[in-house]
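From first to last, the protein sequence lines are chains A and B.
Start counting the first sequence at 38; every next residue gets the next number (my numbering).
Start counting the second sequence at 1061; every next residue gets the next number (my numbering).
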Amino acid sequence: KAGVTQTPRYLIKTRGQQVTLSCSPISGHRSVSWYQQTPGQGLQFLFEYFSETQRNKGNFPGRFSGRQFSNSRSEMNVSTLELGDSALYLCASSLVSSAGGNNEQFFGPGTRLTVL
Amino acid sequence: AQSVSQHNHHVILSEAASLELGCNYSYGGTVNLFWYVQYPGQHLQLLLKYFSGDPLVKGIKGFEAEFIKSKFSFNLRKPSVQWSDTAEYFCAVNGVMGRRALTFGSGTRLQVQP
């Protein structure tokens, strides 16, 4: 079974631009979560989607947004990029059968975003 | 707010030495606990998980962890490390009942010398 895939793997943008990152979960997984990984702040939760609905949101500004499609694929968008947005953005999917379920999360390789 | 503390930031061991990495959490409710590993140049992989039942859980590659509820701890152990265990290790916690967002510790960098 194919793992979580993320595109693109690397991205360079300049301040003020916006960016869209894509994530395809493992087949059958309906929950998709996004995390930001930086050397200073570590791994931080951004948001989670289940059945096209945002279920949880982390403590990030409104410039960070996401969505999920009917095939469970997810995108996250960052508008008005700042230098501090440079990070590895990780997507994780989970096999849960309901909004209230829980299970381990499988991570993709990430998208490394550099903001100049 | 929930938090996870990993006390060892950088650990250096020789091959065949025993390993124990500490993890303590603060969380208002019943938790699920995880250890993830990130090998150099690779993505995060699940080592082991605890949801309920036997507090001593075994994972892949000979790793195990013990959940001690009274101490809010979930320490990772391996009796004999190998050079290939060189990686960064992350402890994580989330809540039951659909609160799936993982809270991660800051990570422990393990360096195993041949």
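Where a beta carbon is used, it is the ideal one built from N, C-alpha and C, also for glycine.
Fair warning: this is a prediction, and the values are worked out from it, not measured in the lab.
Subject >> Residues in the stretch 1095-1109 of chain B having any Cβ partner in chain A nearer than 7 Å >> reply: 1103, 1104, 1106, 1109
Original post:
On the three-state DSSP scale, how would you describe residue 1120(B)?
Top reply: Secondary structure of residue 1120(B) (DSSP, three-state): helix.
Original post:
Is residue 121(A) helix, strand or coil by DSSP?
Top reply: Note: residue 121(A) maps to helix in three-state DSSP.
Original post:
chain A beta carbons: is any one of them nearer than 8 Å to that of residue 1132(B)?
Top reply: no
Original post:
Between which two residues does the beta strand (DSSP E) carrying residue 83(A) extend?
Top reply: 79-87
Subject >> Beta-carbon proximity of residue 133(A) to residue 56(A), cut-off 8 Å >> reply: no
Original post:
Under a three-way DSSP split, which group does residue 1144(B) fall into?
Top reply: Correct three-state label for residue 1144(B): helix.
**OP:** Compare the beta carbon distance of residue 1073(B) and residue 1172(B) with 8 Å and say whether it is the shorter of the two.
**Re:** yes
Subject >> Check whether residue 1079(B) and residue 1138(B) have beta carbons under 8 Å apart >> reply: yes
Original post:
Would residue 1099(B) be called buried (16 or more neighbouring beta carbons within 10 Å of its own) or exposed?
Top reply: Counting every other CB atom within 10 Å of its CB across the protein chains shown gives residue 1099(B) a total below 16, marking it as exposed.
Original post:
Under the DSSP definition of a beta bridge, which residues are partnered with residue 1070(B)?
Top reply: 1169(B)
**OP:** Going by CA-CA distance only, name the one from 1133(B), 1108(B), 1143(B) that's closest to residue 1076(B).
**Re:** 1143(B)
Original post:
So which residues on chain B does residue 147(A) lean against when the C-beta distance must stay under 8 Å?
Top reply: 1103, listed in chain order.
Original post:
When the cut-off is 8 Å and only beta carbons count, does residue 150(A) lie next to chain B?
Top reply: Residue-level contact by beta carbon fails for residue 150(A) and chain B, as no gap is shorter than 8 Å.
Original post:
Which value, in whole angstroms, describes the spacing of the CA atoms of residue 72(A) and residue 124(A)?
Top reply: 10 Å
Original post:
Quick one: which chain A residues come within Cβ less than 7 Å of residue 1162(B)?
Top reply: Residues of chain A passing the Cβ test: 82, 142.
**OP:** Might you give, ordered along the chain, the residues of its own chain that have their beta carbon closer than 6 Å to the beta carbon of residue 1039(B), omitting 5 neighbours on each side?
**Re:** Only positions 1061 to 1174 of chain B appear in the structure, and residue 1039(B) is not among them; the question remains open.
Subject >> Where residue 1063(B) sits in the DSSP three-state scheme >> reply: strand
Original post:
Secondary structure at residue 1130(B), three-state DSSP: helix, strand or coil?
Top reply: Residue state, collapsed to three classes: helix.
Original post:
Under the DSSP definition of a beta bridge, which residues are partnered with residue 144(A)?
Top reply: 129(A)
Subject >> Residue range of the beta strand (DSSP E) that includes residue 92(A) >> reply: Note, residue 92(A): beta strand (DSSP E), 90-94.
Original post:
Comparing alpha-carbon positions, which option in 142(A), 126(A), 122(A), 121(A) lies nearest residue 1154(B)?
Top reply: The residue among 142(A), 126(A), 122(A), 121(A) with its C-alpha nearest the C-alpha of residue 1154(B) is 142(A).
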